[in-house]
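Its first residue numbered 420, the sequence shown is counted upward by one per residue in the numbering used here.
Where is the CB? At the ideal position from N, CA and C, for every residue including glycine.
The structure presented is a predicted model; accordingly, all values stated were derived computationally and were not measured.
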Amino acid sequence: MVKKFSLINRETGPWSNYESFLMKDENIHVGWMEWTSNNTFRLNKNPLIKNPQSPYIYVIPQEVNIPINEGLIRVNPEKIKKDVEIPNKKMYGTYSNKFCIVDKYEPVDINKLPKPYISKDEFLYKITDNWVGDVQKQFSKEIAINILSCPKSNYGIGGIGAQSLCPYGGKQELIFLNSSLKNILPNDFLNKNKKYMYKPIKTERDLRFANSDINKNIADEISYNYLYTPSPQSKLYLIPTQIPLIIPEVFYKPDRWGLDRDVLDYQLSALLLNPYIEENTQKNLINIITKTAQDILMKSNIQALLDNTGVIRLAKAWCRLEYKQKIDENDFIRMKNDFQGIFKEYYDMIEDTDTSGRTYNIPLTRTFDAMRLSIIANKIYRYMKQIQRTQGYKKISKEIIRNELPVKEISNYDLNKGLRDLVNAGFLLTYKNYSEFELVNK
């Protein structure tokens, strides 16, 4: 594991499992085609980057025809020619060019490549390993779906858009999230790359650049992450999001080792997949996911943000996480359960974020500056809102609140103080000498 890791600069690794397999002597003529002229090409052992690469330049005779987008192939060489170069005053030389005349070729099924070293659950654990506390699996899945992206298709270029939210922490947690994501991605993906790019959006300027890159199709896949709330003036540049990244009540522990080799292996392997979803399956999937979102929104006045395209993008990203090339109806329940948990927490916050314009310590900006609520008060408010939506209470007793919030997390003193602060800030009405409370609709 190293810091500021770059795929293109690797000399001795680390390599993904499938790269190591393709670098074996028996697979020296296997790789993804990269055309260098009308009749010559190179073979890359990784379709996302030019390293590792076969040492040969492959020359195609007129009688051999290879489609321009053939992908992963095995070349049968007719003849190999090597140019020898001997520097002045040297007793030995080197091969300056290695040419391979192509006799024929055959496509290679990527499903026959070795799978990642680690399982999906291990991958989910490792990508949030530097967050300490009650790290929910849901948080790991949100990050995974965002960075694993989705392939380009009839909806245009690929990629998953995310909106980061920090309900309980401050702005610093969003900065930490950005650092955490950068640590699990090679530098090559954070810069311009024809195959896959990841773009953190921290400012209006970042948003304009991301919008421009997507419109120009500079990469096959561009995933991105809003780390702030764009201003109304930015509507012209807005690009859609499909998933939230909701930071749970945890704290960030900087990783002094940098990129994890197993995480890299899983991501590179998953990015090979181009999941296929049959047309009938797509329709059923859209109905199920949309219905799930609408059921969650029944107690809210807001509209679902997902359109049909967004559902298909998420489904393909989910397939990559599950390391599947095809989705079928047996996967619907698991996918529904995964997204149900994600959407529920997300839609519970949308009203607050829309009103406050804040992506952290929500909904603090709905009070005047002198009445800043603590993170504990904010947590109490959020639990009360959840109780009201799930159980339908108009008034909520302190006893119910106490039962929902463990004393280990919030002491009796902090609970009483938080409730009083919420009343003073205009978020709650109090009854029966501070023993019952009612949420104020703002």
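Start and end of the alpha helix (DSSP H) containing residue i?
i      : result
Arg461 : No alpha helix (DSSP H) contains Arg461, which is instead part of the beta strand (DSSP E) from Thr459 to Asn463.
Lys814 : Counting along the chain, Lys814 falls outside any alpha helix (DSSP H), though it belongs to the beta strand (DSSP E) covering Lys814 to Ser816.
Gln555 : Counting along the chain, Gln555 falls outside any alpha helix (DSSP H), and DSSP gives it neither H nor E.
Ile594 : Lys590 to Asn602
Val842 : Asn831 to Asn843
Glu438 : Asn436 to Leu441
Tyr544 : Lys539 to Ile546
Tyr685 : Arg680 to Ala689
Asn606 : Asn606 to Leu609
Leaving out five residues on either side along the sequence, give the residues of the same chain with a beta carbon under 7 Å from the beta carbon of residue i.
i      : result
Ser816 : Ser854 and Glu855
Gln557 : Gly760 and Ile761
How is residue i classed by DSSP in three states: helix, strand or coil?
i      : result
Thr455 : coil
Tyr850 : strand
Ile820 : helix
Asn749 : helix
Asn495 : strand
Gly490 : coil
Gly577 : strand
Val527 : coil
Met587 : It is worth fixing the name first, because residue 587 is Tyr in this sequence and not Met. Here Tyr587 sits in coil by DSSP.
Tyr765 : helix
Tyr742 : coil
Ile730 : Residue identity check: residue 730 is Val in the sequence provided, not Ile. Of the three classes helix, strand and coil, the one that applies to Val730 here is helix, per DSSP.
Val521 : strand
Val449 : strand
Lys702 : helix
Lys755 : helix
Tyr695 : strand
Lys710 : helix
Gln481 : coil
Lys500 : strand
Can you give me the start and stop residues for the beta strand (DSSP E) that residue i sits inside?
i      : result
Gly811 : First-last for Gly811: undefined, no H or E at that position.
Gln582 : Gly580 to Leu584
Phe424 : Run containing Phe424: none; DSSP gives neither H nor E here.
Leu858 : Glu855 to Leu858
Val478 : Ile476 to Val478
Within the same chain, show all residues whose beta-carbon is closer than 6 Å to that of residue i, passing over the 5 residues directly before and after it, in chain order.
i      : result
Thr849 : Val842 and Phe856
Pro526 : Ile492
Lys745 : Tyr695
Identify, in the order they occur along the chain, each residue of the same chain with its Cβ nearer than 8 Å to the Cβ of residue i, setting aside the five sequence neighbours on each side.
i      : result
Pro535 : Ser435, Asn436, Phe542, Asp681, Asp684, Tyr685, Ser688, Ala689 and Tyr742
Ile499 : Tyr475, Lys517, Phe518, Cys519 and Ile520
Lys469 : Ile427, Glu453, Arg461 and Asn463
State the CB to CB distance for the pair residue i and residue j, rounded to an integer number of angstroms; the pair is presumed to be in contact (CB under 8 Å).
i      : j      : result
Leu609 : Leu646 : Incorrect: roughly 14 Å between the Cβ atoms, too far for contact.
Val478 : Cys519 : 7 Å
Ser631 : Ser568 : 19 Å between Cβ atoms; not a contact.
Pro605 : Ser425 : 6 Å
Asp757 : Lys539 : That belief does not hold up - the Cβ atoms of Asp757 and Lys539 are roughly 12 Å apart, past 8 Å.
Ile487 : Trp454 : 7 Å
query = Considering only residues of the region 611-636, which uninterrupted alpha helix (DSSP H) runs meet the minimum length of 4 residues and lie entirely inside it, listed in chain order?
reply = Qualifying alpha helix (DSSP H) stretches, in chain order: 623-634.
*Quick one: which unbroken beta strand (DSSP E) runs of 3-plus residues sit fully inside the region 632-676? Chain order, please.*
Assignment of beta strand (DSSP E) within the region 632-676, counting only whole runs of 3 or more residues, yields 640-645, 662-665 and 669-671 in chain order.
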